[in-house]
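*Asks:*
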Amino acid sequence: MDFREKKEDNISVAPVSSIKKGSSISSIHSTSTISPKDYTSIAVPPPGWRPAYLRKRVLTGFAIIFCAIIIALEILNYVSSRNQGLTSSTESRHYLWTYGPTAILTLVSAFWARVEFQAKQSAPWQAMLKGPEESEKSVLLDYISQTQPFALIRAIRNRHYPVISGIGGSLLLRLLIIISTSLFSLQEVKVQKKNVSIQVQGNASTLTTADFSTAYSGPFDTVNGILFEGVSYLDGTTANFSFPTFSAPSMSNDSVIIANVTGLAPELECENATLDVKVWEMLATWINSESSAGSHQVQENVLSTSSCALYNVSIDIPSNQETGIQVTLKTSYAARYQTGQCEGSTGLDGKRIVLVAVETQMSPNITTSPFGNYTSDGIEFYGNSDWYKTTRNITLIRSVAAICKPKISLVKLIAKTNTTESSSTTDWQMLGEENAKLPKLTAWDIASNVNSESHDSDGYQPISSSTQFPETNKTLVDVDYAIQLGAMFTGKTGNVSHLFEKDMLSDAASAYHRATGAQLLREGFLSQETSGSTGSAIVSENRVVMAQITLRAMEACLISIIIFVIAMILFVPNGDLAPYNPTTISATAAIMSNSKILRKRLHGSSSMSLEKLSVLLEGKRYYTELALGGFSIAAVTYDTKKRAPCEKLTDHDIKNPKWSPFPNLIVRVIIFITVGCLIAALEAILQISQTNDGLGNVSSSSGTIHYIWTMIPALVMVLIGLVFSSMNSHARSLAPYVHLRDKFGTTSSQFMTLNFNDALDVTNLITSTKLKQYAVLATTVSTLITSVLTIVTSGLYTATDLSGHLKRNFNQTTTFHNANPSAEDSGITIAKYILLDNLDYPKWTYQNLAFPKLSFNTSSLTKKQSTNSYLDIIVPAMRGTLTCELQTSARLQASWEDYENKISYTILAPTCDSNSTSPTWTNETLLSDELSSNQTMFGFEQEIECVSNNSTNTSNETMVIEKIPNETASLIKGGGSISYVWGAMQNKTITHIAALTCREWAETVDTKTRFILPDFNISTELPPQPDELTARKVQNYTDGKDWYWVDGIIAGARIDNFFEALVEGKYAIPMNYLKSEKYNEKVASAIKFQSGIVKAQQFNTYNRESIEGSSGDEDLIQGNITTSGGIRLFQDAVSTRVLEALLGVLLILGALGSWLMNTDHVLPKNPCSIAAVASLLADSNFLHRYGPGVGDPNAKQVEERLFADCRFFMGMCYDGPLRGFNDDRFTIYLTDYGMDKKLAATPEGWI
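Count along the sequence shown starting at 1, add 1, and that's the number in the numbering used here.
(1) Write down every uninterrupted run of the beta strand (DSSP E) in the region 73-128 whose length is 3 residues or greater and which is fully enclosed by it, in chain order.
(2) Give me the DSSP bridge partner(s) of ILE1.
(3) With a threshold of 6 Å on Cβ separation, who are the neighbours of PHE857 within its own chain once the five nearest residues in sequence on each side are excluded?
(4) Would you identify the three-state DSSP class for MET712, choosing helix, strand or coil?
(5) Going by Cα to Cα distance, which pick from ASN729, SER587, SER82, GLY170 is closest to VAL116?
(6) If you draw a straight line from the alpha carbon of GLY341 to that of SER320, how long is it in whole angstroms?
(7) Could you give the DSSP three-state label for ARG1220: helix, strand or coil?
(8) Does the separation of the CB atoms of MET569 and PRO52 fall below 7 Å?
(9) For ILE680, count the other beta carbons within 10 Å of its own beta carbon; 16 or more makes it buried, fewer makes it exposed. Which is it?
(10) Please say whether TYR334 and ASP481 have beta carbons closer to each other than 7 Å?
(11) Are THR286 and LYS390 touching if we call contact CB-CB under 7 Å?
(12) With DSSP collapsed to three states, give me the class of HIS1249.
(13) Start and end of the beta strand (DSSP E) containing GLY1?
(14) Within the same chain, show all residues whose beta-carbon is closer than 7 Å to that of VAL190, passing over the 5 residues directly before and after it, in chain order.
(15) Runs of 3 residues minimum, wholly inside the region 530-589: which ones carry the beta strand (DSSP E) assignment?
(16) Tell me which same chain residues have a C-beta within less than 6 Å of the C-beta of TYR54, skipping the five on either side of it?
(17) Kindly indicate which residue of LYS1096, ASP1016, SER661, MET431 has the alpha-carbon position closest to the one of ALA832.
(18) So, at 6 Å on beta carbons, what are the nonlocal neighbours of SER1111 in its own chain, with the 5 sequence-adjacent residues on each side left out?
(19) So the candidates are LYS1067, PHE1059, THR747; which of them puts its Cα closest to the Cα of ILE1088?
(20) How would you label PHE151, buried or exposed, when you count the other beta carbons within 10 angstroms and need 16 or more for buried?
(21) Is TYR54 helix, strand or coil when you go by DSSP?
(22) Looking only at C-alpha atoms, which of THR468, ILE398, PHE526 sits nearest to GLY237?
(23) How would you call MET129, buried or exposed, if buried means at least 16 neighbouring beta carbons within 10 angstroms?
(24) Across the region 1195-1206 and the region 170-184, are there enough close Cβ pairs to call them in contact, namely three or more that are closer than 8 Å?
(25) Would you kindly report the start and end of the unbroken beta strand (DSSP E) that includes LYS352?
(26) Who are the Cβ neighbours of THR1005 in its own chain at under 7 Å, not counting the five residues just before and after it?
(27) According to DSSP, is LEU1231 helix, strand or coil?
(28) Assign LEU1023 to one of two classes, buried (16 or more other C-beta atoms within 10 Å of its C-beta) or exposed (fewer than that).
(29) Quick check on SER198: buried or exposed, where buried means 16 or more other Cβ atoms within 10 Å of its Cβ?
(30) What residue does the alpha helix (DSSP H) around LYS1197 start on, and which one ends it?
(31) Starting from THR391, follow its DSSP beta bridges and name the residues at the other end.
(32) Is the distance from the Cβ of ALA274 to the Cβ of ALA403 below 7 Å?
(33) Determine the DSSP secondary structure at GLN691, reduced to helix, strand or coil.
(34) Leaving out five residues on either side along the sequence, give the residues of the same chain with a beta carbon under 7 Å from the beta carbon of TRP126.
(35) Take the Cβ of GLY600 as the centre, count every other Cβ of all protein chains shown within 10 Å, and call the residue buried at 16 or more, exposed below.
(36) Is it right to say LEU614 is buried, meaning 16 or more other beta carbons lie within 10 angstroms of its own, or is it exposed?
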């Protein structure tokens, strides 16, 4: 038998599915009657209802949104991978990128919550629409008041797929919000920028010999520095070629610039040559058998290849015969690097570099003849009868030779260099090489200059005292510097026999030619103007980068949500569920007015608990129908089991309903205390984190640690959010009922049509404020705050590479007491490299400070600690200091001495017996070096002798002080004296002159210094900081030489090397400062600073000595090592403060909401099911007002028509208002006394 044909109590029913769409109630129920009170005067049927968010087009829209999010994530990931991040960002923008996705997902989640709620809300109506369902799956079904996990389990058991999809989507969205906080991170990455403007210094195609003819630091000296002093290849050079330096002024200091440049490579194309010796004799003149008056060699030879021949090449060999005629002669070795011209050729095309190495033996046989008279340069010399000449033959044992043609190649490169490093450290990619055809520069221009560099360089070069092919007891060796340096490049030094190996001589010469030529070409590039070009740059930027693990997790969640949406689209009904929204109290009352079976069954059940109500409703299955009287819930019997009898309630039960939602008041108090404890715990943990430099060590800084410490606190916040959401849900559900027990009851707008459940939180905020439902307002705001908690918690804990601190004792292993004569000149050379070639300060020196070497036991540190740490220590540093007197033109009384081309001036000189840092000064008149009358500027350094106090010289004779090394004035106690003179002149008129006369001292000063371990490199980010109060004079040290006295070559000026470095070097001052008196102080300061740099390098090389075998406490210096080897977990202070504030507000709002509305004992049962609300209304005295054709009971006009001037109460009723029942009953009723609260408070027949 079909259940729809079943009848009960002789009431005919018609299911709603049998009604055609668009049929009116009047067409179905043509005999409808109108109430005498005219409550239902308008018989216009309401439109069909289905939940707005469950419509297929809305769900399709959600599916599209989630697909769009996945597509957006993939696009962002593609952009991030391609561009090494999405965009440059600052710390503030980082928060925007971190919280932006979370905000979007939170917004989507808020709208999806409506889908979830309406799926839960419509589940019983959808079940009853399909057909009769037992009470637990229909009128008693409640997904709304249950927490999501329990509701999900129940929905799975009931196979309510839209509810499963709605809850599953919400849980996944909540998870998405949590993990989305780690989707973007701010990282420092390398980003390539194209079309960057760069400045290129020089152009290979326009070089001329004039461009490198004014090189202020000889390439030969630079090559010496590279091989002996650890000097790096200078900017724009390598061992093989030179290139224009380039820079990008618009880029940051840590940028890597990439440019296409064209360099020049000087080369030698060598052919092995044959040496044919015709005559080789040693001629000597002797005063006696042991005293030689000189010697020379007579050579006739031919050096030839298939394409070139050179005659009488000079190959002088070393000889020891000058020590005596009878001396035992040694085997002689010689290697020469020189120029030559191919026989028969003219012009540059025949120019060659000639290489030859020989092993010879001088004959012991000697031919003797009288010295005699001879003529030289047209002058006749008369020989002495005691003098005589000797001749010895020289035998060639073996030889190697080569004739080399110079060549220049154009080298096309892609250069990549860091702006903070010199161009010599650039990474290269060679694109090609071709012969250079330069209009103003030839290969011979380079070769001739390289050759002259090795023979004519002034000053000190380390190669002069560090021969690479030493002599033995049986050999004499003389190898040109060029070949020695070239051999060092090839790595074959020591035994002179290496020079006779195959191609060794050519390889050594070529290596020297390339390296020195590259340095020479560099000077040419530097002398040219800069030009603009474009390149690219790799810059370090803080970029927003996507985390791949988070991305894939989010995509998996989104795909799962899309599956849920599709399932919901498939399982939600296509048609309407009811003629109107049946979820409000007014709609339930309208349905109950037509549901006579259900109403009769629920008679007297208002005060029953849900458990007893469930028993009461057993035995029937319920479904919806649209009967003649309107929309109703009908029932069919499927079990004849007798229902349980209703129990009569006491007055105490009526006034104190027993139902309390979770969390009840006691649990809420516990929750509030827990939140307070959580705030206190956050603060306590923060203090521990700040005090102990973190909470503890972690194994790694990988993403796993970050995810764990993000999700654990987030999970706690999610649980708090679920509890407060439950409190808010109950507050919204009970808000219509809470005032029914008030003395004056409540109005229909506050009760019948009030629905906080089926609305957005924003809507509830507005509605609760307008209706003064402050408890709902407080709990709704608290729910919104809980959604922010997970966002803030994501940044609460971070794993950071923490710097640890260790105290260690360090041994001072060197001091500066004595001198090393072999290194006397080395310091000056290094200072020249620093000032003129931009060399970094060598280890243990910085500017004017020289530090003692330190050592310590590294075994006490881990490998990571020893290589990723720095040392802060106070060290006694050595420095030179000057006590000076600055003298102006008026004091110097300078004049031009025309007959000597010199300047005469009277200067202050210190007294010799002054052993303090404040010497006594006396006048001395000096002459400058010879000057040219057409020179406009001059600047030179002069050593001066101290003047004895016992001197009685009062003559006006001018004293010319020779510029000799100040060795005799290098006092053990005290130092030498020196003057610096500068100025300008025009047409023999001195327009300006100034002098700085100084007494030199040495002192130690305690200096706070940071060394980078393990190499003890001095940190340039935190330069050494001397404590001037600790400066003390050094009593025992030996002074070294001062600057080399070679003339500078600045055009139009007589500038020595010291002043050349002053105006052209690393810390250059403008040259016009030398012309004006107003700049005297600045020039004097620059002189003192530069002099300190020179002295520091002298201390480092000349005065440094080891402390042998000392390990006593007096040599120990304590320092602090800061390591970066430990990774620790930190609690972020800002996130903590924000979280504490949010939890504090949450605590206040929760307590306020509980005080304004104690949800305990408001109703006898949970009102979130259909049967629960129906039982409260079953005995009400206003159900008859919902007659046929009343329209939509949720409409405002219907509410005003039906319940204008009515007030609603909840309590016990007697017989009378509800005719037909003789027993007392607990129910919701109304009074119709208008707004007269006094009458309304005491309605007849009601308590």
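Cβ coordinates follow ideal geometry from the N, Cα and C atoms, glycine included.
As the structure is a computational prediction, the values presented were derived from the model and not from experiment.
*Replies:* Per the coordinate set shown:
(1) As far as the region 73-128 is concerned, it has no whole beta strand (DSSP E) run of at least 3 residues.
(2) A question about residue 1 goes unanswered here, because the residues of the chain that appear run from 2 up to 1248.
(3) Within the same chain, PHE857 has close Cβ partners ARG809, PHE811.
(4) Helix, per DSSP.
(5) With distances taken between CA atoms, VAL116 lies nearest to GLY170 out of ASN729, SER587, SER82, GLY170.
(6) C-alpha separation (whole angstroms): 25 Å.
(7) A caution first: ARG1220 carries a pLDDT of 44, below 50, which makes its placement in the model too unreliable to give a value.
(8) No; because the gap between Cβ atoms is not below 7 Å, this pair is not in contact.
(9) Buried: at least 16 other Cβ atoms inside 10 Å.
(10) No, these two residues do not count as a Cβ contact at 7 Å.
(11) Yes, Cβ-Cβ distance for THR286 and LYS390 is below 7 Å.
(12) Lying before the first or after the last residue shown, residue 1249 is absent from the chain, which here runs from 2 to 1248.
(13) One cannot answer for residue 1 here, as it falls past the ends of the chain, which runs 2 to 1248.
(14) Cβ neighbours of VAL190 beyond the five flanking positions: GLN85, GLY86, GLU542, ARG544, VAL546.
(15) Listed in chain order, the complete beta strand (DSSP E) runs (minimum 3 residues) inside the region 530-589 are 531-547.
(16) Sequence-distant partners of TYR54 (beyond 5 residues in either direction) whose C-beta falls short of 6 Å from its own C-beta, in its chain, are ARG115, VAL116, GLN119.
(17) Distance check between ALA832 and each of LYS1096, ASP1016, SER661, MET431 places LYS1096 closest, using alpha-carbon atoms only.
(18) For SER1111, the predicted model reports a pLDDT of 45, less than 50, meaning its position is unreliable and no value from the coordinates is stated.
(19) The candidate whose alpha carbon is nearest that of ILE1088 is PHE1059.
(20) When all chains shown are included, PHE151 counts as exposed.
(21) In this structure, TYR54 counts as helix in the three-state DSSP scheme.
(22) Put simply, of THR468, ILE398, PHE526 the residue whose alpha carbon is nearest the alpha carbon of GLY237 is PHE526.
(23) Buried, because 16 or more other Cβ atoms sit within 10 Å of the Cβ of MET129.
(24) Output reads no: the region 170-184 does not touch the region 1195-1206.
(25) Start and end: 352-363.
(26) In the same chain as THR1005, and ignoring 5 residues on each side of it, the C-beta atoms closer than 7 Å to its own belong to PRO877, ALA878, MET879, ARG1033, VAL1035, in chain order.
(27) In this structure, DSSP gives LEU1231 an extended state, which the three-state scheme calls strand.
(28) By the 10 Å Cβ count, LEU1023 comes out exposed.
(29) Exposed, by the Cβ-count rule.
(30) Unbroken alpha helix (DSSP H) run through LYS1197: 1197-1204.
(31) Answer by DSSP bridge pairing, in chain order: ALA285, THR369.
(32) Cβ distance < 7 Å, so ALA274 and ALA403 count as in contact.
(33) Shown here, GLN691 sits in a helix according to DSSP, grouped into three states.
(34) Once the five neighbours on either side are set aside, the close Cβ partners of TRP126 are LEU578, ALA579, PRO583, THR625.
(35) Note that residue 600 corresponds to Arg in the displayed sequence, not to Gly. It counts as buried.
(36) Answer is buried; the Cβ neighbour count reaches 16.
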